[in-house]
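Take 58 as the starting number for the sequence shown in this note's numbering and just add one per residue. Remarks on the structure that follows.
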Amino acid sequence: MILLVLLQVQPFQQTAQLLEDVNSLKALHYDSGTGQFRDYGNHSDAMQLQPVVYQTPQGLVRGPLQRRLVDPSQPPRLQLALVPSGPNPFVPLVPKPLLHLASGVVCRYVSLFPLLMGLLDAASPELGQQLKLLQQPNLLWTPFGLRSLSQSSSMHGAYNTEHDAPYWRGPIWFNINYLALRALHRYSRLQGPHASLAHELHAQLRSNLLRNLVKVYNESGYLWENYDDKDGHGKGSHPFTGWTALLVLVAGQTY
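Laid out in structure tokens, this is it:
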């Protein structure tokens, strides 16, 4: 029975080890030119939502929106190359993507996840680059918290599908900001060249978040699902005491 349980757990342990392997993350996702950890795929400027049009006896009928290539002759391409698996015996050889599918300077929450999860070494240059990204107003930093997608992206404020609001394409989410605060608080207490900047960013981000939430609550009487990245007003579901209730932990600096 115990052996069966261990065999069932093993795949999850392997996945956890893979996701926590910073060397693999860097090999697959890190762009040293921008300091970002990037995702990749067809959710880029090469794709857009276009309506399907059907021919019927009554004429043309517009159908639902579907993802289509903007230019079918120029699909997004990935350069595949095998990279060493490193010391982790569970990490196989994996394809390495060419990390410039997106044009311009674009940043999103996923660009910072190794920082948010506290996976980076306190003395690493990657941590320094991530902290610099975090504080740039043209990327994610706002007076109300960290936005989910930089305004320079063509996807900023765009609907995900025809009836799916752009939840993660600009608005400020308190759960991700909590992870940022937790990571900054941790790195500010670890010895290394980036401790001072981490301390400064933690103090400013915490102040921005709490000040805006208190302001919006006093005006509306609600905690909200997320907050607008332009003026900080509440958006989405309300009253919302899910992850936005993390403000209690933030106020008490309980991470």
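By construction, the Cβ of each residue, glycine as well, lies at the ideal position given by its N, Cα and C atoms.
- By the neighbour-count criterion, in which a residue is buried when 16 or more other Cβ atoms sit within 10 angstroms of its Cβ, Tyr-87 is buried.
- Scanning its chain for C-beta atoms nearer than 8 Å, with the 5 sequence neighbours on each side dropped, one finds around Phe-297 the residues Tyr-279, Leu-280, Trp-281, Glu-282, in chain order.
- Leu-306 counts as exposed, since fewer than 16 other C-beta atoms from the protein chains shown sit within 10 angstroms of its C-beta.
- Counting C-beta atoms within 10 angstroms of its own C-beta, Gly-116 has fewer than 16 neighbours from the protein chains shown and is therefore classed as exposed.
- Judged by beta-carbon spacing, Tyr-284 lies beyond the 8 Å limit of Phe-170, meaning their Cβ atoms are not closer than that value.
- A Cβ-Cβ separation of about 11 Å leaves Glu-183 out of contact with Leu-190 under the 8 Å criterion.
- Its chain contains Leu-176 as the residues whose beta carbon lies nearer than 6 Å to that of Val-79, once the 5 sequence neighbours on both sides are disregarded; these appear in chain order.
- Gln-70 has its alpha-carbon roughly 31 Å from the corresponding atom of Ala-255.
- Taking C-beta separations shorter than 7 Å and ignoring five residues to either side along the sequence, the partners of Ser-245 in its chain run Ala-252, Ala-255, His-256, His-259, following chain order.
- Assignment of beta-bridge partners to Lys-292 by DSSP yields Asn-283.
- Excluding residues up to 5 positions away in sequence, Gly-289 lie with their Cβ nearer than 8 Å to the Cβ of Lys-272 in the same chain.
- DSSP places Gly-116 inside the beta strand (DSSP E), whose first and last residues are 116–126.
- Cβ atoms of Leu-173 and Ala-73 stay farther apart than 8 Å, at about 16 Å.
- For the options Ala-222, Leu-188, Leu-82, the alpha carbon positioned closest to that of Arg-95 is the one of Leu-82.
- Contact check for Phe-231 against Thr-301 passes: the beta carbons are separated by less than 8 Å.
- By the neighbour-count definition (other C-beta atoms within 10 Å, threshold 16), Ser-205 is a buried residue.
- Sequence-distant partners of Gly-249 (beyond 5 residues in either direction) whose C-beta falls short of 6 Å from its own C-beta, in its chain, are Ala-179, Ala-180.
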